[in-house]
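Protein chains in written order, with the numbering used here: chain A, 743 to 853; chain B, 19 to 135.
This report concerns only the one structure given below.
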């Protein structure tokens, strides 16, 4: 069910730096959502960007969407140790009954 | 936002027993729910799509007789792992789809850690 690829697979940065993760997908979408998952826990919904939107902000998060390139990026600014987690993108089909997950990016923020 | 609960959060059972996991959308109705399985350090693997009032749609390779899914109401879907074996030990996550005008948003439960001994 995965149609998305995320890069990098793993990212390690110092606290205070910005972290950028990318997601690419293959088919037309209704929207794209980013999630965070702490080790052994469920997924937390971070932000949703619709196919007719190009950029969205939420606190320290900035998401962009380029439907022509079928890609999205998640930027976390001024990272904190608590941001250490895996981050996944997921696309929703136009029919709303198919969601595809990326492979995830494991982010480590070093205090 | 939207809240999805899952119960239990953790279960340990003996080989051969059956385990039921509940997924509830607490503040919205969900005609579609999904069940995923996640292995350590991997992404989510879709097991089945649960549709209210109809049979679930299973992904290739997922045994429908082993993983029974019931979506009896717009807020509840259950996954029953029948005759569980150690290889069924995993993290099971459900999600519910919230439909808004022209948009579909997927919200996840906190997951259930199943250990079969």
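Positions of the beta carbon are idealized from the N, C-alpha and C atoms, including for glycine.
Q: Determine, using beta carbons only, whether residue 55/B and residue 110/B come nearer to each other than 7 Å.
A: yes
**Q.** Contact set between the segment 824 to 835 of chain A and chain B, restricted to residues whose Cβ is under 9 Å from the partner
**A.** 828, 830, 832, 834, 835
(Q) Strictly under 7 Å for the Cβ-Cβ distance: is residue 749/A near chain B by that measure? (A) no
Q: Answer yes or no: do residue 830/A and residue 841/A have a C-beta to C-beta separation smaller than 7 Å?
A: no
Q: Run down chain B in chain order and give the residues with a C-beta less than 8 Å from the C-beta of residue 799/A.
A: Within 8 Å Cβ-Cβ: nothing; residue 799/A doesn't reach chain B, min ~17 Å.
Q.
I want to see whether chain B comes within less than 7 Å of residue 795/A, judged by CB atoms only; does it?
A. no
Q: Could you please tell me which residues of the segment 109 to 130 of chain B, in chain order, have their CB closer than 7 Å to any CB of chain A?
A: 111, 115, 117, 121, 122, 123, 124, 125, 126, 127, 128, 129
Q | residue 120/B to residue 834/A span [Cα, whole Å] | A | 12 Å
Q | Span of the beta strand (DSSP E) around residue 799/A | A | 797 to 800
Q. Residues of chain A with CB under 8 Å from residue 61/B, in chain order?
A. 744, 830, 843, 844, 845, 846
Q) Which bits of chain A does residue 50/B rub up against, with CB to CB less than 8 Å? A) 838, 839
Q. Do the segment 760 to 774 of chain A and the segment 27 to 44 of chain B meet, that is, are 3 or more Cβ pairs less than 8 Å apart?
A. no
Q: Would you decide whether residue 796/A is buried or exposed? Buried here means 16 or more other CB atoms lie within 10 Å of its CB.
A: exposed
Q. When you check each C-beta in the segment 759 to 771 of chain A against every C-beta of chain B, which residues fall closer than 7 Å?
A. none
(Q) Can you give me the C-alpha to C-alpha distance between residue 743/A and residue 65/B, rounded to a whole angstrom? (A) Any reading at residue 743/A must be qualified, since the residue scores a pLDDT of 48, below 50, and its modelled position is unreliable; no value is offered.
(Q) List, in chain order, every chain B residue whose beta-carbon is nearer than 9 Å to that of residue 792/A. (A) 120, 121
**Q.** Where residue 105/B sits in the DSSP three-state scheme
**A.** helix
Q.
For residue 89/B, count the other beta carbons within 10 Å of its own beta carbon; 16 or more makes it buried, fewer makes it exposed. Which is it?
A. buried
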